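Per my numbering, the very first residue in the sequence shown carries number 201; after that it's consecutive.
All remarks here apply to the structure that follows.
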Amino acid sequence: MTMSDSKNKTTINSVTKSLRVLDLLAKNPTGLQIKEISSDLKLNLSSTYHLLNTFLLAGYIQKTSNDKYTLGYKIPYLNHAYLQSGVSSYNLSSFLRELQVETQETCYLGIEQNQEIIIGEILESSQAIKISALYVGFKGYAHARATTKAIMAYWPEEKTRLYFRDNPMEMPDGSPAPSIDRLVKELQDIKGRGYSLDEDAFVSGISCVACPIFNAGKTVIASFSVSMPSDRYQSKRSELIRQVCETARRASKFLGYADGEETDDGGQCED
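This is the structure in structure tokens:
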């Protein structure tokens with residue numbers, strides 16, 4: 201089923217409204233009052249009240265002392281179950297931890313699920329600058345981040361073009377985004393060398409190295425990445441590429457990928 205097909209399926213309007221409430225609260229972690237929610241979602245106050253009360257009783261939202269609504273304790277539970285149902289069950293976390301210990305930088309696990317690439321895990325370094333925009337489950341700006349491009353480089357070109365037809369390319373700082381043709385060419389280059397780089401593209405002053413992880417079927421299912429301030433990155437760029445690629449190789453072998461064999465689309469991490 202394609203992304204377009206999924207959008208043509210019959211939906212239940214009341215459920216859609218409910219999910220929009222959760223999406224809105226996710227974008228406003230400090231909370232919103234009922235009138236703000238009603239206004240933002242263009243719902244009448246009565247409907248908004250009943251939706252909020254339903255979520256409140258079920259634990260999916262909570263109400264603060266200043267009458268604001270925030271996400272509730274059931275959300276982390278769902279997130280944990282979601283991640284456990286995917287790539288994380290393969291114990292890639294142990295490899296990510298090894299990478300973080302070796303590099304002493306912030307490391308990410310990117311995973312592809314349901315035609316999206318999300319951050320599955322983050323291990324932060326005490327010396328790193330925290331990128332507040334990133335969190336477990338984040339999936340935005342796929343064209344600007346090394347973590348996502350390391351996976352997308354192995355997508356068929358048609359899949360890439362379809363994805364960005366439904367997810368317009370925008371840059372976090374409002375600068376002009378690359379054309380789809382330019383991105384396709386960049387992804388071809390990434391596939392050729394086996395790793396991707398983000399040098400001040402997603403966040404100014406922050407750079408990132410990422411490498412894909414293959415399974416036994418020679419399919420890319422995840423990626424490891426390391427990010428750090430660009431001044432520190434420049435001084436150890438080559439070593440970081442080696443470290444990320446080597447860790448991804450070992451993780452791929454753990455998943456059954458024959459180390460050093462050719463995939464249908466090319467090799468892994470050509471140094």
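For each residue, glycine too, the CB sits at the ideal point set by N, CA and C.
Quantities reported herein were computed from a predicted structural model and do not represent experimental measurements.
Query                                                                                                             : Result
Own chain residues within Cβ distance below 7 Å of serine 206, not counting five before or after                  : The predicted position of serine 206 is uncertain, since its pLDDT is 46 and thus under 50; a value taken from the coordinates is nonetheless stated next. Within the same chain, serine 206 has no close Cβ partners at all.
Three CB pairs or more closer than 8 Å across the region 367-384 and the region 421-428                           : no
Own chain, CB closer than 7 Å to alanine 346, minus 5 neighbours either side, in chain order                      : Ser396, Leu397, Asp398, Cys408, Val409, Ala410, Ser425
Close Cβ partners of threonine 303 (< 6 Å) along its chain, the five nearest in sequence each way excluded        : Val426, Gln443
Close Cβ partners of arginine 297 (< 7 Å) along its chain, the five nearest in sequence each way excluded         : Leu323
Contact check, isoleucine 318 vs lysine 349, beta carbons under 8 Å                                               : no
Aspartate 465 - DSSP class collapsed to helix/strand/coil                                                         : Because the pLDDT at aspartate 465 is just 47, under 50, the model does not fix this residue reliably, and the value given afterwards should be weighed accordingly. If DSSP states are grouped into helix, strand and coil, aspartate 465 belongs with coil.
Selection from Glu236, Pro412, Ser435 that minimises the alpha carbon distance to leucine 455                     : Pro412
Residues near isoleucine 430 in its chain [Cβ-Cβ closer than 8 Å; skip 5 each side]                               : The question names isoleucine, but residue 430 in the sequence shown is serine. Hits under 8 Å: Glu399, Asp400, Gly405, Ile406, Ser407.
DSSP beta-bridge partners of isoleucine 212                                                                       : DSSP output for isoleucine 212 lists no bridge partner at all.
C-alpha gap between leucine 225 and glutamate 312, whole angstroms                                                : 25 Å
Simplified DSSP assignment, three categories, for glycine 392                                                     : helix
Contact check, isoleucine 237 vs threonine 248, beta carbons under 8 Å                                            : yes
Cα-Cα separation between glutamine 487 and leucine 251, rounded to whole angstroms                                : Given a span of 201 to 471 for the chain in the structure shown, any question on residue 487 remains unanswerable.
Whole-number beta carbon distance between serine 293 and glutamate 321, since they are thought to touch under 8 Å : 6 Å
DSSP-derived helix/strand/coil call for tyrosine 354                                                              : coil
Ranges of the beta strand (DSSP E) found wholly within the region 370-428, counting only runs of at least 3       : 396-399, 406-414
Residues near alanine 448 in its chain [Cβ-Cβ closer than 6 Å; skip 5 each side]                                  : Cys411, Ile413, Phe424
Host beta strand (DSSP E) of glutamine 262 (start-end)                                                            : 261-263
Serine 206 in three-state terms, based on DSSP                                                                    : With a pLDDT of only 46 at serine 206, under 50, the local geometry of the prediction cannot be trusted, and no value is derived from it.
Residue burial classification, glutamate 305 (beta-carbon count within 10 angstroms, cutoff 16)                   : buried
Rounded straight-line distance, which links the Cα of cysteine 445 to that of serine 438                          : 11 Å
Isoleucine 421 versus tyrosine 260: straight-line alpha-carbon distance, rounded                                  : 30 Å
Exposed unless 16 or more other CB atoms sit within 10 angstroms - verdict on leucine 309                         : buried
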